[in-house]
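Visitor: Structure incoming, see below.
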Amino acid sequence: GVTGTPEPALRRFELALLGHLGYGVNFTHCAGSGEPVDDTMTYRYREEKGFIASVVIDNKTFTGRQLKALNAREFPDADT
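For the sequence shown, this note's numbering assigns the number 54 to the initial residue and increments by one for each residue that follows.
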């Protein structure tokens, strides 16, 4: 039987679809500075730009660790 939840497979499909449609997202570099994302920093997605460092932490921000997991198509917890 199938175990686990469908979310990881769905996230992989969504990311692949976005890439095929030309909307690939750069999860590895800050769109503001061009620097690699830092595991301990917080980032917010800006339309048509990408992930930019943010001092605000809320349900619309991601840590660098989460962005790296998304880039690797790894979804170890509910936050990714």
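Where a beta carbon is used, it is the ideal one built from N, C-alpha and C, also for glycine.
1. Is DSSP giving residue 126 helix, strand or coil here?
2. From the DSSP output, in three-state form, read off residue 54 for me.
3. Tell me the DSSP secondary structure of residue 84 in three-state form.
4. Could you work out which residue in 78, 121 and 75 is closest to residue 94 when comparing CA atoms only?
5. Here's the rule I'm using: 16 or more other beta-carbon atoms within 10 Å means buried, otherwise exposed. How should residue 117 be labelled?
Guide: Judging by the given coordinates:
1. coil
2. In this prediction, residue 54 has a pLDDT of 49, which is less than 50 and means its spatial position is unreliable; nothing more can be read from the coordinates.
3. coil
4. 121
5. buried
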